[in-house]
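Since the structure comes first, as structure tokens, the remarks are kept for the end.
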Amino acid sequence: MRVTLLGTGDTTGTPTVGCDCETCRLARERDVERTRFSVHVENERTGASLLIDFSPDFRYQFLRDDVPLPDAGIVTHIHFDHLDGLGNAFRVFDSLDVYAADETDPETGKSVAETVADDYHYLSTISVRPTTPLETVRICGLDVTLVPVDHPPLVCYGVALKDPETGAKLSITGDTSYAVPGRSREVLADPDLLLADAIVPAHLCSSHPIGGRHEGPDGVPRTFGTKHMTREGALALAEELDANRTRIVHVAHFYPADEAFEEPLAIDGEEYVI
């Protein structure tokens, strides 16, 4: 399983357009970036590849990192930075299966799958495959399970991917607070590689209107506001899941410059073979 981190940033990315903060300046100086979230997974046994989330930066990411176009895709939730790149399917694919959760979101009255189908009804190349969370499906030769996480007010899902022959496992938390349900933690557990959402370090929780939540035994918040983990929360979750290796993704430019490019925060273009 070859995993390429196409997009490791939050909704504005780093550098952020129009921003001259020290972190964005440093990113430009080092010629590194964090575009909007997307992960490419290639099954090297079969040659098939799977895309997790369709970043608005889709075209740029695929040209930059020169990875194969996916044979299938997954949409974890309907926020634009994870979905709106699907429009790039126009005249690029002959056909593309897109998997998304089939359970109704009380906030929208539709499932993620229904929203994707409605928003991209004009793309005849797209076939939306409604998928039941916590039920494993075979995609591109990999066993894939969507797991409910906590990203209010909308439903959102993490993803566990396992090679049925080698046992290699990739877990992706998706956009989530630290309050990942117990059953989802069980499915995500014991990955060779964990990609964990951590939008900011915990010490920035004081800048959020409602502060931090889900404090650990040391009193350090593991959730920033309501929707995303802190760096400390993501690392605590990684320890609980017994991850062999962890990369922090969905990273905002709000990280102070002296922390923004330190381990284990990921940048675009990282590649892992598990």
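Take the sequence shown: its letter number 100 is residue 100 in our numbering, and every next letter is one higher. Cβ atoms here follow ideal geometry from the backbone N, Cα and C, with glycine treated the same way.
In terms of residue numbering, what span does the alpha helix (DSSP H) encompassing residue i cover?
{"i": "GLY158", "result": "Where GLY158 is concerned, there is no enclosing alpha helix (DSSP H), although the beta strand (DSSP E) it sits in stretches over 157-162."}
{"i": "VAL38", "result": "Here the sequence assigns Ser to residue 38, which means Val is not the residue at that position. Note, SER38: premise wrong, no alpha helix (DSSP H); beta strand (DSSP E) at 38-42."}
{"i": "TYR60", "result": "58-65"}
{"i": "LEU241", "result": "231-241"}
{"i": "HIS30", "result": "The sequence given here has Arg at residue 30, not His. From DSSP, the alpha helix (DSSP H) with ARG30 extends over 22-30."}
{"i": "SER184", "result": "182-188"}
Indicate whether residue i and residue j have their beta-carbon atoms separated by less than 7 Å.
{"i": "PRO191", "j": "LYS169", "result": "yes"}
{"i": "THR12", "j": "ARG34", "result": "no"}
{"i": "LEU6", "j": "SER49", "result": "no"}
{"i": "ASP84", "j": "THR4", "result": "no"}
{"i": "PHE93", "j": "THR145", "result": "no"}
{"i": "GLY225", "j": "HIS208", "result": "yes"}
{"i": "LEU154", "j": "HIS214", "result": "no"}
{"i": "ARG36", "j": "ASP20", "result": "no"}
{"i": "LEU241", "j": "ALA189", "result": "yes"}
{"i": "LEU26", "j": "ALA196", "result": "no"}
{"i": "ASP268", "j": "THR8", "result": "yes"}
Leaving out the 5 sequence neighbours to the left and right, which residues in its chain are closer than 6 Å to residue i when beta-carbon positions are compared?
{"i": "GLU42", "result": "ARG2, SER49"}
{"i": "ALA100", "result": "VAL75, VAL112, ALA113, VAL116"}
Measuring CA to CA, which of the options is closest to residue i?
{"i": "PRO130", "options": "PHE93, ASP94, VAL75, HIS151", "result": "VAL75"}
{"i": "ALA72", "options": "SER171, LEU51, HIS82", "result": "LEU51"}
{"i": "HIS194", "options": "CYS156, ILE126, HIS250", "result": "The sequence given here has Leu at residue 194, not His. With distances taken between Cα atoms, LEU194 lies closest to HIS250."}
{"i": "LEU96", "options": "GLU103, ASN88, ASP102", "result": "ASN88"}
{"i": "THR298", "options": "PHE261, VAL180, ASP242, ALA243", "result": "Absent from the structure is residue 298, since the part of the chain shown begins at 1 and ends at 274."}
{"i": "ARG138", "options": "VAL98, VAL17, ASP105, ILE267", "result": "VAL98"}
{"i": "ARG30", "options": "THR108, PRO221, ALA260", "result": "ALA260"}
{"i": "SER171", "options": "HIS151, ASP143, GLY211", "result": "ASP143"}
Kindly indicate if chain B contains any beta-carbon less than 7 Å away from that of residue i.
{"i": "LEU50", "result": "Although the question refers to chain B, the structure presented lacks it and comprises just one protein chain."}
The beta strand (DSSP E) with residue i in it runs from where to where?
{"i": "LEU6", "result": "2-7"}
{"i": "ALA266", "result": "First-last for ALA266: undefined, no H or E at that position."}
{"i": "GLY73", "result": "72-74"}
{"i": "ASP97", "result": "96-101"}
{"i": "THR131", "result": "126-131"}
Return the chain-ordered list of same chain residues with a C-beta closer than 8 Å to the C-beta of residue i, the five sequence neighbours on each side being excluded.
{"i": "SER278", "result": "Because the chain is modelled from 1 through 274, residue 278 falls outside the range shown and cannot be assessed."}
- How about the region 175-186 and the region 220-231: do they share at least three Cβ pairs that are nearer than 8 Å? Three or more beta-carbon pairs drawn from the region 175-186 and the region 220-231 are found closer than 8 Å, and the two stretches are therefore classed as touching.
- Query: Counting Cβ pairs, one atom from each stretch, are 3 or more of them under 8 Å apart for the region 156-167 and the region 114-122?
  - Reply: Under the Cβ criterion (8 Å, minimum of three pairs), the region 156-167 does not count as touching the region 114-122.
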